[in-house]
Amino acid sequence: MGVELIIMDVLIVLSAIVLSLVYINHSRGSRAFLCEDCRFNTPELCLKTERPRAIDCTSYRPVLEQKPQ
Ligand code: SF4
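Once you know that position 40 of the sequence shown is 39 in numbering that gives the first Met the number 0, the rest is easy, because the numbers rise by one and skip nothing.
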C-alpha cells in the first residue's frame, strides 16, 4: 500500500469524524430522546407509540422558552 493511499484513508476517517460531530451538534433535541424536551410530551397531546422514547419524530417541537417579564 502506498503512502498516498494511507494518507487518503486517514483523510477519509477524519472527514467522517468531523461530519459526525457536526451532525451531533446540529441534531434536534438536547437530550437522549426527543420527547424529553418536546412540548407535546404528554399522553393528551401525543398518541405516538414512540413516546416517551422517540429518537426521530417529524412532530417534534421543542418546549417554548418562557419570556422574562
Ligand atoms: S411529538 Fe414526537 S417527540 Fe414529541 S412527544 Fe410525541 S413522539 Fe415524542
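Even glycine gets a Cβ: it sits at the ideal position worked out from N, Cα and C.
Quick one: is the Cβ of TYR22 within less than 7 Å of any heavy atom of the ligand SF4? On the sequence shown, position 23 is the one that residue 22 refers to. Shortest gap from the CB of TYR22 to any heavy atom of the ligand SF4: 7 Å or more.
What whole-angstrom Cβ distance do PHE32 and ALA53 have, given they're in contact under 8 Å? If you number the sequence shown from 1, residue 32 lands on position 33. If you number the sequence shown from 1, residue 53 lands on position 54. Taking the Cβ atoms as the reference, PHE32 lies roughly 6 Å from ALA53, within the contact range of under 8 Å.
Near the ligand SF4: ARG50 beta-carbon under 7 Å from a heavy atom: Position 51 of the sequence shown, counted from the start, is the residue given in the question as residue 50. With a cut-off of 7 Å, the C-beta of ARG50 is classified as near the ligand SF4, since at least one heavy atom of the ligand falls inside that distance.
Indicate, with yes or no, if the ligand SF4 has a heavy atom lying under 7 Å from the CB of LYS47. Taking the sequence shown and counting its residues from 1, one reaches residue 47 at position 48. For the ligand SF4, at least one heavy atom lies less than 7 Å from the Cβ of LYS47.
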